[in-house]
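Written out below as structure tokens is the structure these notes cover.
Protein chains: 4
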Amino acid sequence: MSDRDPTPAEALCFEAGIKFGTLYHQFAGTPVSPASADSLATAMEDAIENQPHCRSVTVDVRHDELEAAVADGAAEYVELTGRFLEVEIVVDENEGLEVVTRMEMDGGYPLMTVETVRETSAGDASDR
Amino acid sequence: MSDRDPTPAEALCFEAGIKFGTLYHQFAGTPVSPASADSLATAMEDAIENQPHCRSVTVDVRHDELEAAVADGAAEYVELTGRFLEVEIVVDENEGLEVVTRMEMDGGYPLMTVETVRETSAGDASDR
Amino acid sequence: MSDRDPTPAEALCFEAGIKFGTLYHQFAGTPVSPASADSLATAMEDAIENQPHCRSVTVDVRHDELEAAVADGAAEYVELTGRFLEVEIVVDENEGLEVVTRMEMDGGYPLMTVETVRETSAGDASDR
Amino acid sequence: MSDRDPTPAEALCFEAGIKFGTLYHQFAGTPVSPASADSLATAMEDAIENQPHCRSVTVDVRHDELEAAVADGAAEYVELTGRFLEVEIVVDENEGLEVVTRMEMDGGYPLMTVETVRETSAGDASDR
Numbered sequence: 039m040s041d042r043d044p045t046p047a048e049a050l051c052f053e054a055g056i057k058f059g060t061l062y063h064q065f066a067g068t069p070v071s072p073a074s075a076d077s078l079a080t081a082m083e084d085a086i087e088n089q090p091h092c093r094s095v096t097v098d099v100r101h102d103e104l105e106a107a108v109a110d111g112a113a114e115y116v117e118l119t120g121r122f123l124e125v126e127i128v129v130d131e132n133e134g135l136e137v138v139t140r141m142e143m144d145g146g147y148p149l150m151t152v153e154t155v156r157e158t159s160a161g162d163a164s165d166r
Numbered sequence: 039m040s041d042r043d044p045t046p047a048e049a050l051c052f053e054a055g056i057k058f059g060t061l062y063h064q065f066a067g068t069p070v071s072p073a074s075a076d077s078l079a080t081a082m083e084d085a086i087e088n089q090p091h092c093r094s095v096t097v098d099v100r101h102d103e104l105e106a107a108v109a110d111g112a113a114e115y116v117e118l119t120g121r122f123l124e125v126e127i128v129v130d131e132n133e134g135l136e137v138v139t140r141m142e143m144d145g146g147y148p149l150m151t152v153e154t155v156r157e158t159s160a161g162d163a164s165d166r
Numbered sequence: 039m040s041d042r043d044p045t046p047a048e049a050l051c052f053e054a055g056i057k058f059g060t061l062y063h064q065f066a067g068t069p070v071s072p073a074s075a076d077s078l079a080t081a082m083e084d085a086i087e088n089q090p091h092c093r094s095v096t097v098d099v100r101h102d103e104l105e106a107a108v109a110d111g112a113a114e115y116v117e118l119t120g121r122f123l124e125v126e127i128v129v130d131e132n133e134g135l136e137v138v139t140r141m142e143m144d145g146g147y148p149l150m151t152v153e154t155v156r157e158t159s160a161g162d163a164s165d166r
Numbered sequence: 039m040s041d042r043d044p045t046p047a048e049a050l051c052f053e054a055g056i057k058f059g060t061l062y063h064q065f066a067g068t069p070v071s072p073a074s075a076d077s078l079a080t081a082m083e084d085a086i087e088n089q090p091h092c093r094s095v096t097v098d099v100r101h102d103e104l105e106a107a108v109a110d111g112a113a114e115y116v117e118l119t120g121r122f123l124e125v126e127i128v129v130d131e132n133e134g135l136e137v138v139t140r141m142e143m144d145g146g147y148p149l150m151t152v153e154t155v156r157e158t159s160a161g162d163a164s165d166r
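Protein chains in written order, with this note's numbering: chain A, 39 to 166; chain B, 39 to 166; chain C, 39 to 166; chain D, 39 to 166.
See below:
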């Protein structure tokens, strides 16, 4: 068994995970309807982009799924949960490291994954 | 001691309270900066207006307070809490009853109060 | 149309609503399983009882419903939502006024209602 | 520039981050007092331990800090925020990989970090 410090890429993947947990659990449960979903998605993007290392957050509302849920439900709105969203979060680090992460539904569960670890050359990173 | 059912005005004040508790505790803790505060305020209004009996929600960001907190803090953003907001929520009931409620800072505590109970005549209510 | 200040009973119903909105939207979305539900229910009771005017909060977990949802789902846990709970909140005011409120499922929707407004005589209230 | 899939350790650090973001933003804003803090800490541990790959969650309440904040404040309770907690979360993967993460106050900011990446024998890990 060996114990070691995290690599820069591991530390950055940890940061990306924080953003996903924040986004999901800050906003899960919010009353949402087809008409209000887009302002909520914008606020989610803007809120999470405040966090350190967060280059971009893209929240896409799954409008078909949301409309179907409202049609099935007992009210004109539902509570926000992962099945109504697809999310991409990109985090970066100034030494030319970038991590692309995503949340998509997978077998009924909102699965969050690291899609790509991108290491740029020092030259590529220098203009950031 | 006497037990009785609530009056329509009492039931509507209960509804107004639900909206305030929802608004506050759904969004408290959200990362917020001077640049992201307005999209969050809009999303809060749109989300809570989905709830039953909710005629209007107005969320005003206290930008001076928010800018001062960010200047004092260890990061470029802070967590949303009541001191950064003033909120008015109006709920109504179809029999000509309306309740106006408000959250404002009072001695360091975000105080939520019923400001006005408004009873309209049947005629006033008929065009809604 | 007439505008007036709230009665003490209306103001107390507003307080009760705040507690319900807080309880629901603070904790909705929490990962919950049959094994972890009871500690969450206890924490919900203790947290909300901190709020002003809150005499008692009772959160009952609907274990059958929760176990069925976990059995149907893609994971060993689900996100907390109203269908897994029954809640009673009692608020009071020192002038001998008490309001009993409840959340129960009603046609697939977690309905929150004022059950009873209780006015005690001055004598009953004096020993509190 | 090179794009690659995450290593198992990177994917596990991402998982650890999700747990931290969940813990923080699910519970931030909860009304908390010295008397209610411990049941909340227990519920936080039990809730997050439901999530995949989560071996253990330890939430320690900083009681001195909490008591000082209540003494300074306008109410008998405060809203939960990072300064009242120290948290350790350990995640693991069944092929001999473990990540230890921690949240502690650092210059007024609740800093979340990966403390240790622990690999048990290379042979155990090599088949992934």
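Positions of the beta carbon are idealized from the N, C-alpha and C atoms, including for glycine.
Residue i versus residue j: straight-line alpha-carbon distance, rounded
i, j, result
"THR139/B", "HIS91/C", "18 Å"
"ASP84/A", "VAL116/A", "22 Å"
"VAL125/D", "THR154/C", "42 Å"
"ALA47/A", "ARG100/A", "31 Å"
"GLN89/A", "MET39/A", "34 Å"
"SER71/D", "MET143/D", "19 Å"
"ASP41/B", "GLU105/A", "42 Å"
"GLU114/B", "VAL95/A", "17 Å"
"LEU118/B", "LEU118/D", "12 Å"
Contact check, residue i vs residue j, beta carbons under 8 Å
i, j, result
"PRO69/A", "ILE127/B", "no"
"ALA112/C", "TYR147/A", "yes"
"GLY67/A", "GLY67/C", "yes"
"ASP98/A", "LEU123/A", "yes"
"ALA81/C", "ALA73/D", "no"
"ARG93/D", "VAL129/D", "yes"
"GLY120/C", "GLY55/B", "no"
C-beta neighbour in chain D for residue i, strict 8 Å
i, result
"PRO69/C", "yes"
"ALA112/B", "yes"
"MET150/A", "yes"
"ASN132/C", "no"
"LEU104/C", "no"
"GLU56/A", "It should be pointed out that residue 56/A corresponds to Ile in this sequence rather than to Glu. Yes, because at least one Cβ of chain D sits closer than 8 Å to the Cβ of ILE56/A."
"ASP41/A", "yes"
"LEU135/C", "no"
"VAL97/A", "no"
C-beta neighbour in chain B for residue i, strict 8 Å
i, result
"GLU117/D", "yes"
"HIS63/C", "yes"
"GLY145/D", "yes"
"THR139/C", "yes"
"ALA81/A", "yes"
Sequence-distant residues of the same chain with beta carbon closer than 8 Å to residue i, five excluded per side
i, result
"PHE52/D", "PRO44"
"ALA109/B", "none"
"THR158/C", "GLY134, LEU135, GLU136"
"GLU103/B", "ARG121, PHE122"
Residues near residue i by beta carbon distance below 6 Å, same chain, minus five either side
i, result
"ALA107/D", "VAL116"
"MET150/C", "PHE58, MET141"
"ARG156/A", "GLU136"
Test: residue i CB closer than 8 Å to a CB of chain C
i, result
"CYS92/B", "no"
"ALA109/D", "no"
"ALA47/B", "yes"
"LEU50/D", "no"
"ASP84/D", "yes"
"THR60/B", "yes"
"GLU53/B", "yes"
"PRO72/B", "no"
Contact with chain A by residue i, beta-carbon distance below 8 Å
i, result
"ALA66/C", "yes"
"GLU124/D", "no"
"ILE127/B", "no"
"THR158/D", "yes"
Same chain, Cβ closer than 7 Å to residue i, neighbours up to 5 away in sequence not counted
i, result
"GLU131/A", "PRO46, LEU50, HIS91"
Residue i at chain G interface by Cβ criterion, 8 Å
i, result
"GLY120/C", "Among the chains of the structure shown, chain G does not appear; the protein chains present are A, B, C and D."
Residue i Cβ short of 7 Å to the ligand COA heavy atom set
i, result
"ARG100/B", "What this structure holds is no ligand at all, so the ligand COA is not there to describe."
Counting Cβ pairs, one atom from each stretch, are 3 or more of them under 8 Å apart for the stretch 62 to 81 of chain D and the stretch 56 to 74 of chain A?
-> Between the stretch 62 to 81 of chain D and the stretch 56 to 74 of chain A there are three or more C-beta pairs closer than 8 Å, enough to call the two in contact.
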